[in-house]
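To start, the structure itself, in structure tokens.
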Amino acid sequence: MFYKKVLPVFLAVLPLVSVFARVEKPDFYSCHKKKGFVVPDITRQARGAASAKMSQDLYNCLAEKCTKRRYSFCVCKRCDNKSYFTSSYSVCSSIAPIEKLFLSRRMQRVKQSLESFIGISIEESSVPLIGACFGGGGCRALLQTAGWLGGAERIGLFDTLCYMSGLSGSTWALNSLVASGLSPTAFKQQLAHRLELTIAEHMRALLLEDKDEISIVLAKKVSLQRPMSVVDDFGILLARIFLKGLVANPYSLSLFDLSYLLFDGNYPFPLSTATSSVVKVPQKRRLSFEFSPLFAGSFELSSFVSTRSFGALYDKGVVQSNSDYSESLGFVMGLCGSAFALDLNSVIEEFCRGFLCTEHDGKKVGKNEAIISAFKGVACTLISKLGERLGVVSSNQHRSPKTIFMREQWGAASCANFAKGLYETSVGSIDSLVLVDAGFEVVDSDRLCLGIMPLLYRGVNLIYVVGTARDYNDVSSLRAAEKKAHLLGLKFPPITYESIGKTGASVFIDEDDLKSPIIVYMPGRAHQGYSLFDPAQEECTRTLNFTYTQREAEALMGLSDFIVGESKEILRYAGKRAVERKMKENA
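Letter by letter, the sequence shown follows residues 3 to 589 of this note's numbering.
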């Protein structure tokens, strides 16, 4: 086990007394200036003031239920929706009551914004649930998602959204946006310069500037004997690239911490997706998992845990003693995102160099013989094995690095199994879940590379599906979503695939079923009214590319923004139809 090799190192270098003395989080956020943008000052005091603004029911629910040590619950359709958390395994509705309380805050804003957007008055009971889902593709998906959200804010669509769900690279944009506390437009603007460095340059800077912080984060995980993988390193890298300068504690900030920024309903509820790697189920398909600031779990397993306790040890739905641990936001983004979408060889080399070398760019750094000894052996082993894996790519064009990393679990994340003991299957008998990018899921030969499943499970009435495939004519992800929805008995309208790509947005409605969602599919296609920039032709938009110039990043985000603006009338029509169908459903 990796942690067995690393544990003695950190125990020798960082005595546990000092580690846990320093591991307590600093103020949740602090004020930073970055290229002219001022991040809101959300300290503990400000956070308390924000809590005071919430409804009493929501505040009590969070204070008494969510902030206690650990809670788990089951999701099924047999039960009522009055159950809250208990300290043991219990039952509640398919949408947890606390999530409904968050939505009630957001729906006040949604109603006003939707009335303004479609130009008609709406009764409170006729306000539809509206969500946007995004696809994968590494940094390409990140930038397209950020651009779409900026365009949605510009035309008044953003505040009509109740949910935003992502997969792979798009999850980096969704979670970083909420963590930043910025508007989508301001977030998009500060994002443009963050991808200018290469992976090697990011790693050198990280190890030069933040070695102490990441040592503390890793030491705590190692000391608690939590499973580790390359995703831990990847998550640290993502935290530096997308969170540093926006939050005071980028490496220890947790996904649960984002819940404090949802109190006032300023953001749609963010959802991130992943899938199982090697867990076998009767249908021989992967299980879908989702992560939100409140819960982590699987509708297909009918079990969730509080995000605050994701990473703790469970047995039969009850958290075990002395397992106080919560995975960081960086780790969750690495888990849900493309852990394969970078040069792992460079990352491993740079990570080890940070501990092996005595200087970086002429600046002295600490040298410790114990760290050198341990990391030298691990580095040689990992780089050697990685070279063997990559060597097969050239001999078989159909096996991409992505496939090799997944099969050999290079891009997989290991985390404590919260469903242990709950099922008489392999899922309930294992200690750790092995999860990968949800884009690895294949449904009948089509890759499901859209974060749409959480929205279908929640019965969202109108879904904007933002395609982030490099080839905008590739509709295999939407087809896979349709197939899986039918497989699981979820509502999905019939899709005319031949019509997709001819306009900026295509609307699909099942006129015979009011409970079926309206799907608005928006591919990331080039537009002659914008510029000559074509994502399908640009080298920078390849999935495995992690470096964009500011000009390239702005061009890709600008295209997504432009497409939203050009599709405003179609989006307005879809909104009107969603309200009409909701009124008929209530009649």
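Beta carbons: idealized from backbone N, C-alpha and C, even for Gly.
Hey, residue i and residue j are a contact pair by Cβ (cut 8 Å); roughly how many whole angstroms apart?
| i | j | result |
| --- | --- | --- |
| T470 | S172 | 6 Å |
| A440 | S170 | 7 Å |
| R460 | I511 | Their Cβ separation, rounded to whole angstroms, is 19 Å, which puts R460 and I511 out of contact at 8 Å. |
| V468 | M524 | 5 Å |
| A507 | S447 | Actually they are not in contact, since the Cβ atoms of A507 and S447 sit about 27 Å apart, beyond 8 Å. |
In whole angstroms, what separates the C-alpha of residue i from that of residue j?
| i | j | result |
| --- | --- | --- |
| F258 | F265 | 13 Å |
| E587 | D563 | 33 Å |
| R288 | V180 | 29 Å |
| I572 | P519 | 16 Å |
| I118 | I243 | What sits at residue 118 in the sequence shown is Ser, not Ile. Cα-Cα distance, rounded: 36 Å. |
| Q530 | F236 | 37 Å |
| R108 | L263 | 12 Å |
| T383 | P229 | Reliability fails at T383, whose pLDDT of 49 lies under 50, so the model's placement of it is uncertain and no value is given. |
| L464 | A482 | 19 Å |
| A221 | S434 | 19 Å |
| S128 | Q539 | 44 Å |
| K504 | R527 | 10 Å |
| R604 | G137 | Residue 604 lies beyond the residue range present for the chain, which begins at 3 and ends at 589; the question has no answer from this structure. |
| L450 | S300 | 17 Å |
| S501 | S106 | 37 Å |
| S290 | S305 | 12 Å |
| L437 | A314 | 16 Å |
| P496 | S254 | 44 Å |
| S123 | I157 | 18 Å |
| T187 | L424 | 44 Å |
| S274 | M585 | 30 Å |
| G577 | L116 | 8 Å |
| T548 | E556 | Residue identity check: residue 548 is Phe in the sequence provided, not Thr. C-alpha separation (whole angstroms): 15 Å. |
| I120 | V462 | 18 Å |
| D43 | L193 | With a pLDDT of only 35 at D43, under 50, the local geometry of the prediction cannot be trusted, and no value is derived from it. |
| H488 | G560 | 35 Å |
| F442 | V477 | 16 Å |
| K223 | T543 | 35 Å |
Taking a contact to mean a Cβ-Cβ separation below 8 Å, would you say residue i touches residue j in this structure?
| i | j | result |
| --- | --- | --- |
| Y575 | V509 | yes |
| P130 | V522 | no |
| R206 | L558 | no |
| G339 | W174 | yes |
| K190 | G140 | no |
| P272 | S294 | yes |
| L303 | V112 | no |
Out of the options, state which residue places its alpha-carbon closest to the alpha-carbon of residue i.
| i | options | result |
| --- | --- | --- |
| F160 | I216, S254, Q114 and I511 | Q114 |
| L458 | E554, E484, S123 and A175 | E484 |
| Y532 | S182, I502, G319 and G567 | G567 |
| S178 | M335, D317, M205 and P495 | M335 |
| L240 | S330, L480 and F291 | S330 |
| K102 | T147, L210, L296 and H195 | L296 |
| I432 | N419, I216, I157 and F494 | N419 |
| E292 | V307, A276 and E302 | A276 |
| G133 | A154, A589 and S123 | A154 |
| A589 | G247, L546, P272 and L516 | L516 |
| D514 | R583, T551, E125 and T545 | R583 |
| V232 | D476, D536, L337 and V219 | L337 |
| P99 | R553, S308 and G453 | S308 |
| S256 | I120, G332 and N475 | G332 |
| S279 | S182, V224, Y165 and C417 | C417 |
| C135 | N547, F548 and S479 | S479 |
| L490 | C164, Y316 and M455 | M455 |
Distance cutoff 8 Å, beta carbons only. Does residue i sit that close to anything in chain D?
| i | result |
| --- | --- |
| S274 | In the structure shown, chain D cannot be found, because there is only a single protein chain. |
query: Hey, which unbroken runs of the beta strand (DSSP E) at 3 residues or more fall wholly within the stretch 422-474?
result: 434-439 and 464-469
field: Within the stretch 495-554, ranges of the alpha helix (DSSP H) (whole runs, at least 4 residues)
entry: none
- prompt: Enumerated in chain order, which unbroken segments of the alpha helix (DSSP H) with a length of 4 residues or greater are wholly contained in the stretch 232-290?
  reply: 232-245
message: To test your reading of the DSSP string, which unbroken alpha helix (DSSP H) runs of 4 or more residues are found completely within the stretch 190-226?
response: 201-211 and 213-225
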